[in-house]
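So the protein lines, in turn, are chains L and U.
Numbered according to this note's numbering, the first sequence spans residues 1 to 357.
Numbered according to this note's numbering, the second sequence spans residues 1 to 180.
For every residue, glycine included, the Cβ atom is placed at its ideal position computed from N, Cα and C.
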Amino acid sequence: MTELIVHITVPIAIFLFIAGFTLFAVYAERKIAGFVQDRLGPMETGRYGLVQTIADILKLLQKEFITPSAADKILFAAAPVVIFSAVFIGFSVVPWAPDFIPANTNTGLFFIMAVVSIDAIGILMAGWGSNNKYSLLGAIRAIAQMVSYEIPVGLSLIAAIMITQTLNLNDIAYLQGVESPERIFFLGLWDVTDIGGIFAWHIFQAPHLLLVYVIFFIASLAECNRAPFDIPEAESELIGGFHTEYGGIKFAFLFLAEYAMMFLVSILGVVVFLGGWNTPLPNIGSLRLADWTTGLAWGLFWTLTKSLTIIGVQMWIRWTLPRFRADQLMTLCWKILIPLAFVCLAISGLWRILVML
Amino acid sequence: MEQFLFYAFAAMAILSALLLVSIRNTARALFLLFIVLFAMAGLYLFALADFVAITQILVYVGGVLILLIFAFMLSNKELLADLQSTSQRFMSLPNWQSMSLSLAFLAVLVYSFIAWTKEAPEWMARAQADGSILSPTDDNIQTLGLKFMTQYILPFEIISVFLMMALIGAAHLSRREGSR
Numbered sequence: 001m002t003e004l005i006v007h008i009t010v011p012i013a014i015f016l017f018i019a020g021f022t023l024f025a026v027y028a029e030r031k032i033a034g035f036v037q038d039r040l041g042p043m044e045t046g047r048y049g050l051v052q053t054i055a056d057i058l059k060l061l062q063k064e065f066i067t068p069s070a071a072d073k074i075l076f077a078a079a080p081v082v083i084f085s086a087v088f089i090g091f092s093v094v095p096w097a098p099d100f101i102p103a104n105t106n107t108g109l110f111f112i113m114a115v116v117s118i119d120a121i122g123i124l125m126a127g128w129g130s131n132n133k134y135s136l137l138g139a140i141r142a143i144a145q146m147v148s149y150e151i152p153v154g155l156s157l158i159a160a161i162m163i164t165q166t167l168n169l170n171d172i173a174y175l176q177g178v179e180s181p182e183r184i185f186f187l188g189l190w191d192v193t194d195i196g197g198i199f200a201w202h203i204f205q206a207p208h209l210l211l212v213y214v215i216f217f218i219a220s221l222a223e224c225n226r227a228p229f230d231i232p233e234a235e236s237e238l239i240g241g242f243h244t245e246y247g248g249i250k251f252a253f254l255f256l257a258e259y260a261m262m263f264l265v266s267i268l269g270v271v272v273f274l275g276g277w278n279t280p281l282p283n284i285g286s287l288r289l290a291d292w293t294t295g296l297a298w299g300l301f302w303t304l305t306k307s308l309t310i311i312g313v314q315m316w317i318r319w320t321l322p323r324f325r326a327d328q329l330m331t332l333c334w335k336i337l338i339p340l341a342f343v344c345l346a347i348s349g350l351w352r353i354l355v356m357l
Numbered sequence: 001m002e003q004f005l006f007y008a009f010a011a012m013a014i015l016s017a018l019l020l021v022s023i024r025n026t027a028r029a030l031f032l033l034f035i036v037l038f039a040m041a042g043l044y045l046f047a048l049a050d051f052v053a054i055t056q057i058l059v060y061v062g063g064v065l066i067l068l069i070f071a072f073m074l075s076n077k078e079l080l081a082d083l084q085s086t087s088q089r090f091m092s093l094p095n096w097q098s099m100s101l102s103l104a105f106l107a108v109l110v111y112s113f114i115a116w117t118k119e120a121p122e123w124m125a126r127a128q129a130d131g132s133i134l135s136p137t138d139d140n141i142q143t144l145g146l147k148f149m150t151q152y153i154l155p156f157e158i159i160s161v162f163l164m165m166a167l168i169g170a171a172h173l174s175r176r177e178g179s180r
């Protein structure tokens, strides 16, 4: 019975976190947009506009359910559920702190890759079910982009996995800090197993992983359909893309899914490349900074800090760069990112065989 | 709890498969196929084949199904209407043939169920005696990777060459005529 209660409370806790994060992130996004465009952003509702997003969600929640009369009603209603649950399931295998993980499976990373691809089905459902030209075009663009960019994401993750030799996200995080079960070498030369900190992160364990992380970051931006890769929702060309016809709570769920996806790819990149819940502070002689800042509360703190920083960078990029054209988007994916990722994959193999053994 | 989940997945797979073959709306049928494949992946988990389950979702749901839906969306409306109206004869056998096929399948299933519940095969008993069995918490992926790279290296390589051929063929077919 207690097991059942745990199985119910953990997802609810994660859902509440995602909902709270989305409220905060929308506010942050609008403030960052205001800063980049040299204006103030939301200022009217509450002090500095702090309750603006709460007012927005209250408005969305009390709106009427509107289904277009020509829409395929079942697909139209099911799409937001499929999209949100696909992203939501992904959170079940992500570690937040040492051994603080909803499901500690050996297939964690592979599982995330698989469930995130369900997202694409949901978007197609929304686009087709709306029975609207713009929605369908948006959905087709979104799928073309997501299917293409899944390849560099997968290849960059494989390049990291070849170094870690495990798909368990909890173990991957352990391999990047002072509590590592194996010896860690900074750039393959300097033994930093006892020093830990920023030197033990994967991006510094093997120098090419820094490039791999950049590939992962760019491709994951495209996976989330965010600017500069937001042609699926390009509002100047497609009105709103696949969610044109959605309103009220269904739109709220699509929005929630988008921000949850941002958080998921950020935390995934943090766990695989940027040390997960490990501290960036190294041990210096008797100043045991890394040992002092490792633990459950510190783990949560570092995971959140790193992920939120990455999300901040995503927002900064969104409001700085203009949108890619569709052909530029595909060129970037197939002619630049994928070949680079393959080269990194080969380097990873050689690195594992020649340097790490 | 586990039994309840197993039967839930099985019922989901069977019901949506039945609905899938009887539904007239092709778009909805494709999305029902998603539910069937997803429920099948859930059933693989109960056979301790977590890798197969996830690969099923990744390859079939994330790849093949999306391609199917794409093909459906990009195809001609008249062609689709044609296909829907004649779907009683599209890719179908005469009634007595399909009947005998499904009965044969049912017979095989019933026979294997009876034979295996009466007495487990010898290799099963031997593996249980040896202790060479997998538990749900074992790292299946490690075992699979080692097996692929040692014992089953030849089939693995042949499959990769085969996939490469398919890829090159697809690239050749999609090339514009006269671009050389």
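| query | result |
| --- | --- |
| Where Leu-181 (chain U) falls: helix, strand or coil (DSSP) | Residue 181 (chain U) lies beyond the range of chain U shown here (1 to 180); nothing can be said about it. |
| Short CB-CB distance (under 7 Å) between Ala-114 (chain L) and chain U | yes |
| Cβ distance (whole Å) where Ile-208 (chain L) is taken to contact Val-272 (chain L) below 8 Å | The amino acid at residue 208 (chain L) is misidentified as Ile; the sequence shows His. Not confirmed; about 14 Å, so no contact. |
| Expected contact under 8 Å - CB spacing of Thr-193 (chain L) and Leu-175 (chain L) to nearest Å | Actually they are not in contact, since the Cβ atoms of Thr-193 (chain L) and Leu-175 (chain L) sit about 11 Å apart, beyond 8 Å. |
| Three-state class that DSSP yields for Ala-47 (chain U) in the structure shown | coil |
| Proximity test, Cβ basis, 7 Å: Val-36 (chain U) and chain L | no |
| Chain L contact for Ala-27 (chain U) (CB, 7 Å cutoff) | yes |
| Span of the alpha helix (DSSP H), counted from its first residue to its last, around Pro-152 (chain L) | 133 to 164 |
| For Leu-167 (chain L), three-class secondary structure by DSSP | coil |
| Alpha-carbon spacing of Ser-220 (chain L) relative to Ser-160 (chain U), whole angstroms | 27 Å |
| Reduced DSSP secondary structure (H/G/I, E/B, other) of Leu-287 (chain L) | strand |
| Sufficient close CB pairs (3 or more, under 8 Å) joining the stretch 306 to 324 of chain L to the stretch 28 to 45 of chain L | yes |
| Sufficient close CB pairs (3 or more, under 8 Å) joining the stretch 83 to 98 of chain L to the stretch 50 to 70 of chain L | no |
| Bounding residues of the alpha helix (DSSP H) (the contiguous stretch that carries Asp-130 (chain U)) | 122 to 130 |
| Val-61 (chain U): contacting residues in chain L (beta-carbon distance under 7 Å) | Ser-117, Ile-118 and Ile-121 |
| Other residues of its chain near Trp-316 (chain L): CB distance less than 8 Å, five sequence neighbours each side excluded | Ile-32 and Val-36 |
| Short CB-CB distance (under 7 Å) between Phe-91 (chain L) and chain U | no |
| Nonlocal neighbours in the same chain, by C-beta distance under 7 Å from Phe-229 (chain L), ignoring five residues either side | Gln-145, Leu-221, Ala-222, Phe-324 and Leu-329 |
| For Trp-298 (chain L), the first and last residue of its enclosing alpha helix (DSSP H) | 296 to 320 |
| At least 3 beta-carbon pairs within less than 8 Å: the stretch 105 to 115 of chain U vs the stretch 56 to 66 of chain U | no |
| One or two residues paired with Phe-185 (chain L) in a DSSP bridge | L:Asp-191 |
| Contact check, Gly-241 (chain L) vs Gly-312 (chain L), beta carbons under 7 Å | no |
| Contact list for Leu-58 (chain U) against chain L, beta-carbon separation under 8 Å | Phe-110, Met-113, Ala-114 and Ser-117 |
| Contact with chain U by Thr-67 (chain L), beta-carbon distance below 7 Å | no |
| Cutoff 6 Å; reference Arg-24 (chain U); Cβ partners in own chain excluding five residues on either side | none |
| Gln-3 (chain U) to Thr-107 (chain L) span [Cα, whole Å] | 23 Å |
| Any C-beta of chain U under 7 Å from that of Thr-107 (chain L) | yes |
| Exposure label - Phe-90 (chain U); buried when at least 16 CB within 10 Å | Unreliable placement is indicated for Phe-90 (chain U), whose pLDDT of 47 sits below 50; the coordinate value is still reported in the next sentence. Burial call: exposed. |
| Close-in-space but distant-in-sequence residues of the same chain around Leu-18 (chain U) (CB under 8 Å, 5 per side omitted) | none |
| Environment of His-7 (chain L) [buried if 16+ CB atoms lie within 10 Å] | exposed |
| Pair within 7 Å by beta-carbon distance, Ile-118 (chain L) and Val-61 (chain U) | yes |
| Of the residues L:Gly-122, L:Gly-197, L:Pro-80 and L:Glu-182, the one placed nearest Gly-299 (chain L), counting alpha carbons only | L:Gly-197 |
| Where Phe-229 (chain L) sits in the DSSP three-state scheme | coil |
| Stretch pair the stretch 124 to 138 of chain L + the stretch 100 to 114 of chain L: three plus CB contacts closer than 8 Å | no |
| Through-space distance from Arg-176 (chain U) to Ile-14 (chain L), alpha-carbon basis | 50 Å |
| Spatial neighbours of Ala-120 (chain L) in its chain, beta-carbon cut-off 8 Å, leaving aside the 5 residues before and after | Ala-142, Ile-143, Met-146 and Val-147 |
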